[in-house]
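Take the sequence shown: its position 381, counted from the start at 1, is 381 in UniProt numbering, and no numbers get skipped. The beta carbon of each residue, even a glycine, is placed where N, CA and C say it ideally should be.
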Amino acid sequence: MIPPTSGDNVDPQAANEGPETASDLTVSHEEPSVDWDELPGPLRGRIAELAAAALGGMRPGDVPMRLRPVMRFAAAKRAKLGQSDLLVAMRDSSVFRAAVVDWCRRKQPAALLQQQADPLGAATAAVLLNSVTAAHYVELIGHRVEHGKLRERHDAAVSRAERLETDNERLRGELDEANRLARSAEQHNSSDADRLRNRLRQQGVRLKEQKDEVARLTAELERVVEEKDRELADLAAERDRDRARAADERARAERFDREAATAQQSAREARRGDEVRLALLLDTLEGSIAGLRRELGPTRRGQAGGGPLPAETVGGVRAHTAVTADVPDATALDRLLALPAVHLVVDGYNVTKTGYPDIPLAEQRDRLAHQLAVLAARSGAEVTVVFDGANVVSVPRTGPRGVRVLFSEPEVQADDVIRDLVDAEPAGRQIVVATSDREVVTSVRRRGAYAVASATLLERVNPL
């Protein structure tokens, strides 16, 4: 915290603020932000004490040559006898300065806290860490020292005024005594009366001069105090503006970092998705080519033996138009699942409520997932089953091997998740959607996927 700008009172709430971050305790190796030769006396003494205390525990390589004689002094006398050399070394040697800060961090970490009630301690931490606010702290300590001198002058003026008041009372007593003597002398000797009257006038003049001097000193002191208070207020306002600007810059930099990280993550995810789609498409094409080669066999156009032409076999195996047909039976489903890189997407509850609606939903999900795992292992197809997640209290973290189990978000229907899965696949990959929901069937067929009825899938995974 920054100490109060006037007086010696400390704001308790400001004094209880949290400690600085690790970055605030890191010493800067840039050029010092303060003039070490112009540091106020108390601040010079405090820094010299810390440097002298750290000197005994330093490695010889961190100790400048001019401080070698200072090390021979007793530890209690180093700060006093070697203050000048210690401060010159702190000013000129960044290595020695960093070593002192490192010693303070290990032995006296409180000395590096800028947010503390003691303004001298906060200024010492700012200068040691070469903080951007160090110059303000130094100026503030300088003002406090000057303010202390003004207070001493004020106390001296008050003391002098009290002495003058005492003299005034004494002179009043002498005046009264002189009046008494004058009255007595008037009865005896007029010359003595004149002498006493002259003395009385002189005492009156002296008294008036002393009163005028007290009034002048009081007015001058009030003027000086008012000027210093204004300077301290301006300094505090400038400090607050600097801290606000620094906070804005830090927030802006952090926001830019977050945006850059988000953009990089999005780019990586998009690239991974494209790579997965490309790999699936390549697998599909490779499988299609291999299937065509097996179908063609050794027969060529014009050779004996006849048989379908290559183009005719392709049309029968891999026809993939804008709108596909339904899968009529389990045999057709087996042929589709035998295609390379085929993806089977299952409308979970639509299938389970067709096959075994009387058992609890959790058992329905578990039974279907394990049946699909057997089908995936037998056919080699990629299998994804989607359930409506609206009423699911606990989502299982893992499913059976070879089956991807998805639950829709609470406000999203499983039908929409199925459509998103179909849209996410690359063009050319064979997709089979198992559902008896006519709306889903129409939409996925329009997207190029095959539709198989729930009963047909149950016939394959749960044969009688």
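Asked                                                                                                                                                                                 : Found
What's the C-alpha gap between S93 and D35?                                                                                                                                           : 14 Å
Tell me which residue opens and which closes the alpha helix (DSSP H) that V422 is part of.                                                                                           : A414 to A424
May I ask you to verify whether the stretch 155–174 touches the stretch 240–257, counting CB pairs closer than 8 Å and requiring at least 3?                                          : no
Which whole-angstrom value describes the C-beta separation of V444 and V433, a residue pair presumed to lie in contact below a C-beta threshold of 8 Å?                               : 5 Å
If I'm right that T124 touches L43 with Cβ under 8 Å, what's the distance once you round it to whole angstroms?                                                                       : 6 Å
Quick check: what's the CA-CA separation for Y356 versus R429?                                                                                                                        : 31 Å
Extract the residue ranges of the alpha helix (DSSP H) inside the stretch 89–127, only unbroken runs of 4 or more that lie entirely within it.                                        : 94–107
Where do the ends of the beta strand (DSSP E) carrying Y356 lie?                                                                                                                      : From DSSP, Y356 is part of no beta strand (DSSP E); its letter is neither H nor E.
Kindly indicate the opening and closing residues of the alpha helix (DSSP H) around L372.                                                                                             : L361 to S379
Return the chain-ordered list of same chain residues with a C-beta closer than 7 Å to the C-beta of D62, the five sequence neighbours on each side being excluded.                    : V95, F96 and A99
If distances are taken between C-alpha atoms only, which option among R66, M65 and R106 comes closest to A54?                                                                         : R106
Between V327 and D437, what straight-line distance do the alpha-carbon atoms span, to the nearest angstrom?                                                                           : 14 Å
Which of the three DSSP states is assigned to R318 in this structure?                                                                                                                 : Model confidence at R318 stands at a pLDDT of 37, short of 50, so the residue's coordinates are unreliable; what they give is reported in the following sentence. Coil, per DSSP.
Return the bridge partner residues of Y137 from the DSSP annotation.                                                                                                                  : According to DSSP, Y137 bridges with nothing at all.
Reducing DSSP to helix, strand and coil, say where V214 ends up.                                                                                                                      : helix
Is there contact here, the stretch 329–345 with the stretch 380–390, by at least three beta-carbon pairs under 8 Å?                                                                   : yes
Evaluate contact between the stretch 212–221 and the stretch 168–179, counting only Cβ atoms and requiring at least three cross-stretch pairs below 8 Å.                              : no
Using the three-state DSSP reduction, which class does V444 fall into: helix, strand or coil?                                                                                         : helix
Which residue comes first and which comes last in the beta strand (DSSP E) that contains V452?                                                                                        : Y450 to V452
Give every residue of the same chain whose Cβ lies closer than 7 Å to the Cβ of A373, excluding the five residues on either side of it in the sequence, and list them in chain order. : P400, R401, G402 and V403
Considering Cα atoms alone, identify which of G121, R201, G348 and E152 is closest to L140.                                                                                           : G121
Strictly by DSSP, which residues pair up with T384?                                                                                                                                   : V345 and R404
Which residues in the same chain have their Cβ closer than 7 Å to the Cβ of S368, if we skip the five residues on either side of it in sequence?                                      : It should be pointed out that residue 368 corresponds to Leu in this sequence rather than to Ser. Answer for L368: G348, V351, T352 and V385, listed in chain order.
Between the Cα of E425 and those of D329, R172 and E275, spot the shortest distance and give me the residue it belongs to.                                                            : E275
Relative to the C-alpha of L128, which residue among R199, S84, V145 and L50 is closest?                                                                                              : L50
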